[in-house]
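When we follow the working numbering, the leftmost residue of the sequence shown carries the number 680, and every step to the right adds one. Where a beta carbon is used, it is the ideal one built from N, C-alpha and C, also for glycine. A quick note: this is a predicted structure, and the numbers were derived from the prediction, not measured.
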Amino acid sequence: MSIKIFLDGQLVDKEDAKVSVFDHGFLYGDGIFEGIRYYNGKIFREKQHIDRLWDSAKTVNIEIPMTKQEVVKAINDTVKANGFTDAYIRLIVSRGEGNLGIDPRSCKRPSVIVIAQALSLYPAEFYEKGIKIVTASTIRNPSDSLSPRVKSLNYLNNIMAKIEAHVAGCEEALMLNHKGDVCECTGDNIFIIRNGKLLTPPIDACILEGVTRNVVIEICKELGLECAEAAFTRHDVYTADECFLTGSAAELIPVVAVDGRAIGDGKPGKITNQILAAFADFVRRDNSRIE
Ligand code: PMP
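Set out below in structure tokens:
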């Protein structure tokens with residue numbers, strides 16, 4: 680049976696889920712998206728993802744041709760049509776079909792697409808042993824050129840850094856911002872821990888405000904752990920006791936080496952594992968819904 684894709688108001692077979700080569704999402708990366716987890720038959724952090732999509736749309740001046748409720752229904756319908764209770768969801772809004780020039784006014788109607796996939800998780804070994812990362816020479820887009828807060832279809836900035844990671848034999852790369860401060864990884868936010876205190880770059884460090892990042896900040900409050908959002912440098916990363924990454928796809932993944940320097944004792948840390956366990960519990964009780 681072919682998987683079903685939601686495409687502009689209809690559930691269609693994957694083979695029929697086609698967009699035009701004149702779609703500005705294809706021609707220019709002109710569009711926005713969300714990567715969402717579906718756990719136990721429910722959208723995880725529904726409100727946060729839908730609100731972020733609407734915020735991205737506002738900044739790039741796309742009018743989503745559906746209500747928030749309709750988009751949520753489209754996600755639920757797509758997941759159910761494919762018989763999933765757990766899934767990874769890609770929600771895409773492209774500028775739509777237009778002329779060859781970049782002028783967005785030639786695009787008459789944005790396209791809304793929902794793809795639901797079976798979870799393809801990182802190997803269990805990554806979570807048990809942690810991953811090694813390197814710093815990319817590609818710096819993160821500065822906010823005043825293309826705000827990383829917009830989850831745009833143009834991911835070349837991140838892809839350039841990801842290639843650097845692969846060349847170095849790593850899965851992920853650490854990206855710095857134009858000031859030289861630690862920013863985030865190519866598809867994940869970063870946390871470091873020193874002396875029991877967590878630290879993650881602030882929103883104005885040119886990061887995507889990750890939904891998982893914000894969950895971890897909430898979890899820290901619940902666990903009584905101190906967690907600051909403040910600028911820091913690679914020196915702080917190298918000298919941290921623990922480090923981990925967060926993202927919808929990866930959830931929480933321990934980092935055990937950065938640029939060839941072992942973090943702490945080179946094994947996933949105790950607090951990281953404590954937060955990982957608390958995250959699994961948080962997922963079960965999440966009931967964030969749009970109004
Ligand atoms: N930063 C970047 C650049 C990302 O693409 C992502 C999502 N893949 C994240 C951080 C993590 O965000 P979230 O927790 O909302 O998935």
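Cβ-based neighbour list, residue i, same chain, cut-off 8 Å, excluding 5 preceding and 5 following
| i | result |
| --- | --- |
| residue 876 | 904, 905, 906, 907 |
| residue 701 | 776, 777, 778, 779 |
| residue 763 | 717, 795, 797 |
| residue 727 | 890, 893, 967 |
| residue 874 | 920 |
Pairwise C-alpha distance: residue j and residue i
| i | j | result |
| --- | --- | --- |
| residue 835 | residue 866 | 12 Å |
| residue 745 | residue 804 | 41 Å |
| residue 736 | residue 955 | 32 Å |
| residue 830 | residue 732 | 8 Å |
| residue 723 | residue 890 | 10 Å |
| residue 689 | residue 682 | 13 Å |
| residue 946 | residue 703 | 45 Å |
| residue 705 | residue 965 | 35 Å |
| residue 790 | residue 914 | 44 Å |
| residue 900 | residue 734 | 26 Å |
| residue 970 | residue 893 | 20 Å |
| residue 912 | residue 743 | 38 Å |
| residue 811 | residue 953 | 20 Å |
| residue 768 | residue 944 | 36 Å |
| residue 823 | residue 739 | 13 Å |
| residue 755 | residue 813 | 38 Å |
| residue 749 | residue 842 | 37 Å |
| residue 699 | residue 759 | 27 Å |
| residue 696 | residue 680 | 15 Å |
| residue 799 | residue 719 | 16 Å |
Burial state of residue i (16 or more Cβ within 10 Å)
| i | result |
| --- | --- |
| residue 968 | exposed |
| residue 741 | buried |
| residue 902 | exposed |
| residue 925 | buried |
| residue 854 | buried |
| residue 784 | exposed |
| residue 694 | exposed |
| residue 807 | exposed |
| residue 951 | buried |
| residue 868 | buried |
| residue 817 | buried |
| residue 721 | buried |
Under 8 Å between C-beta atoms of residue i and residue j
| i | j | result |
| --- | --- | --- |
| residue 921 | residue 939 | no |
| residue 757 | residue 712 | no |
| residue 766 | residue 717 | yes |
| residue 919 | residue 886 | no |
| residue 898 | residue 961 | yes |
| residue 753 | residue 691 | no |
| residue 729 | residue 751 | yes |
| residue 821 | residue 857 | yes |
| residue 795 | residue 815 | no |
| residue 809 | residue 934 | yes |
| residue 916 | residue 937 | yes |
| residue 860 | residue 884 | yes |
| residue 927 | residue 710 | no |
| residue 825 | residue 773 | no |
| residue 852 | residue 864 | yes |
| residue 801 | residue 959 | no |
Proximal residues to residue i (C-beta, below 6 Å), its chain only, five neighbours per side dropped
| i | result |
| --- | --- |
| residue 870 | 877, 879, 923 |
| residue 963 | none |
| residue 846 | none |
| residue 747 | 729, 969 |
| residue 931 | 923, 925, 955, 958 |
Residue i: CB within 7 Å of a non-hydrogen atom of the ligand SAM
| i | result |
| --- | --- |
| residue 891 | For the ligand SAM, the structure offers nothing, since it holds only the ligand PMP. |
Chain-order list of residues whose beta-carbon lies under 7 Å from that of residue i (same chain, five-residue window excluded)
| i | result |
| --- | --- |
| residue 827 | 819, 820, 885, 886, 887 |
| residue 707 | 781 |
| residue 761 | 682, 683, 795 |
| residue 910 | 860, 880, 881, 884 |
| residue 786 | 703, 774, 775, 776, 777 |
| residue 837 | 865, 866 |
| residue 788 | 744, 775 |
| residue 725 | 751, 967, 968, 969 |
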